[in-house]
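Enquirer: My structure is below; once you've seen it, I'll send some questions.
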Amino acid sequence: MAETLTGTVPLLFPGTHNELRQGEAFEPVATGNQPFTRRFYIESYGCAMNFADSEVVASILNGEGFGATRNVEEADLIFINTCSIREKAELTVRKRLTEFRSLKKKNKALLVGVLGCMAERLKAKFLEEEKLVDIVVGPDAYRSLPALVGEADLGQKGVNVLLSREETYADITPVRLNSNGVNAFVSIMRGCNNMCSFCVVPFTRGRERSREAASIVAECRDLFDNGYREVTLLGQNVDSYYYASDAAPTVTFANLLESVAMISPSLRVRFSTSHPKDITDDVLHTMARHENICRYIHLPVQSGSSRVLQLMNRTYTREWYKAKVDRIREIMPDCGISSDIISGFCTETEADHADTLEIMEYAHFDYSYMYFYSERPGTLAQRRYTDDVPLEVKKRRLAEIVQVQNRLSLANNQYDLNQVSRVLIEGESKKSEDDWMGRNSQNKVVVFPKGARSLVKGDYADVLVHSCSQGTLLGNIVADNSAAAALNKGN
Ligand code: SF4
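Note that our numbering has the sequence shown beginning at 754, numbered continuously upward.
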């Protein structure tokens, strides 16, 4: 798909979980008093969906007597949950697999498994070419992991890359291993029925399917009861969420959003990702009705040129996108909007690029994930079009896009000066233990002194913003913090 200028991996959800640390391993965990017989180590790459999947994998393995470790040296099983969205992510995974070779030499019983999108995409190649891989499991086959580990223990290769039309892991409670105890991802659907021509996801994650609504609400309620104060409903295209059964009325994404929001006013709700063609007025009005549904929408535009959007098979025009931005602002004037933008897609001209810069100005994005196009094998674009924009042109256009975005981000933050932001505290500031760090409803990072108030992580505070940078708002808690404090008591 696309390559970033900065080298960060594209995430499905920017902002709150923006600091998904690529490749970070899980914290050690114990479930009840169960003595674990073996230890697994897992690294995750790519989007928020992948990180959420790793929590499902951890749950499945825990249930079979495997405990997680953060120390790769003491692991009996090493898993890499992989991303195929761009070439660089795949290269990183291959490098990691090579590094594990020395561990396998030291410990003959050590098993190495590849999970996720790369497993789906490269399947047999891993087993034939990469002698260091024992297990290959696609995103819909994690339930078979314990059995596959058993096969690999016997010296066979454990492989399951079957895609499913039903699997949603609805009944599996994810193990929140690397959590801050405040924010959690909740997967509401899997796969994607869109066929954006640059994207590998429809081939690696299969057809779209929605998870049972009741299990989603139950998971969110359980998180709230356990002290979490923000859930992010995740899917490749959340607005096409649709759950129908004989037993209960049909549930749309707007219905689901409302049900989760009604768990408690103290629980913040976010969601990602929205496709511009699918987000409805119903969803926007539901957001507007509930203060605890965050005023923030990630609405990837990808390109500002209608001609390029057609080649990308995005099924909307620049006019449609602008009208959607207008509608969001009409219903929620204070709503933040972020985007994904690709420079240098096949046949992109300077005029197309100028359209992209123009639409950025129009939408005044708070934030964007910006990439230059790199062709991914098997995609429609690879089969139909020529990747004909020279690399230096792609990079130059991307630099221009980044420059515009930096200016817009700073200007958007300046709007918040002398305004009060309600902040959910996520932890201490990285720079000072005397400061809290959290986010406001629009997903902007806010840092403020702890002062004398006895707030804790997961509490709300009303903060008057006095200064800002491109990425952060700085402020102080207002003298009368009683409205935010009422939420902290769960009122
Ligand atoms: S909506 Fe398009 S870009 Fe997003 S996952 Fe589906 S095919 Fe890929």
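Backbone N, C-alpha and C define an ideal beta-carbon position, used for all residues, glycine too.
1) One question on the structure: do LEU1052 and SER1092 come within less than 8 Å of each other, judged by their Cβ atoms?
2) By alpha-carbon positions, which one of GLY1191, SER963, VAL954, SER1220 ends up nearest to ILE941?
3) May I have the straight-line CA-CA distance separating TYR1069 from LEU1062, to the nearest angstrom?
4) Is any heavy atom in the ligand SF4 found nearer than 7 Å to the beta carbon of ASN990?
5) In the structure shown, what three-state DSSP assignment does SER1017 receive?
6) Could you say if the region 1200-1209 and the region 1181-1189 meet the contact criterion of at least three C-beta pairs nearer than 8 Å?
7) Can you check which of these residues, GLU965, PHE1024, VAL1209, GLU1011, is closest to ASP999 by C-alpha distance?
8) VAL1142 to MET1040, Cα distance in whole Å?
9) If you draw a straight line from the alpha carbon of TYR895 to that of VAL1173, how long is it in whole angstroms?
10) Give, in chain order, every unbroken run of the alpha helix (DSSP H) that is at least 4 residues long and sits entirely within the region 833-921.
11) Would SER837 pass as a contact of CYS800 if the rule is Cβ separation under 8 Å?
12) With respect to the beta strand (DSSP E) encompassing GLY816, which residues constitute its N-terminal and C-terminal limits?
13) Under 8 Å, Cβ to Cβ, is there at least one residue of chain C near TYR995?
14) Compute the minimum distance between the beta carbon of ASN803 and the heavy atoms of the ligand SF4, and state whether it is under 7 Å.
15) Can you tell me whether LYS1077 is buried or exposed? The criterion is at least 16 other CB atoms within 10 Å of its CB, across all chains shown.
16) To which residues of the same chain is VAL914 closer than 8 Å at the C-beta, ignoring the five residues directly before and after it?
17) For ALA783, is the classification buried or exposed, using 16 other Cβ atoms within 10 angstroms of its Cβ as the cut-off for buried?
18) For ASN1193 and ASP829, I'd like the C-alpha separation in whole angstroms.
19) Less than 8 Å separating the beta-carbons of MET1123 and VAL1155?
20) What does ASP1188 pair with, by DSSP beta-bridge criteria?
21) Answer yes if the region 811-819 comes into contact with the region 847-856, meaning at least three C-beta pairs across the two stretches below 8 Å, and no otherwise.
Expert: In brief:
1) yes
2) SER963
3) 7 Å
4) yes
5) coil
6) yes
7) GLU965
8) 40 Å
9) 45 Å
10) 840-859, 870-882, 898-906
11) no
12) Taken as a continuous stretch (DSSP letters only), GLY816 belongs to no beta strand (DSSP E), being part of the alpha helix (DSSP H) at 801-816.
13) Given the protein chain composition of this structure (a single chain), no chain C is represented.
14) no
15) buried
16) ALA872, GLU873, LYS876, VAL889, VAL890, GLY891, ALA894
17) For ALA783, the predicted structure reports a pLDDT of 45, less than 50, and the residue's modelled location is therefore unreliable. The matter cannot be settled from this model.
18) 42 Å
19) yes
20) PRO1202
21) no
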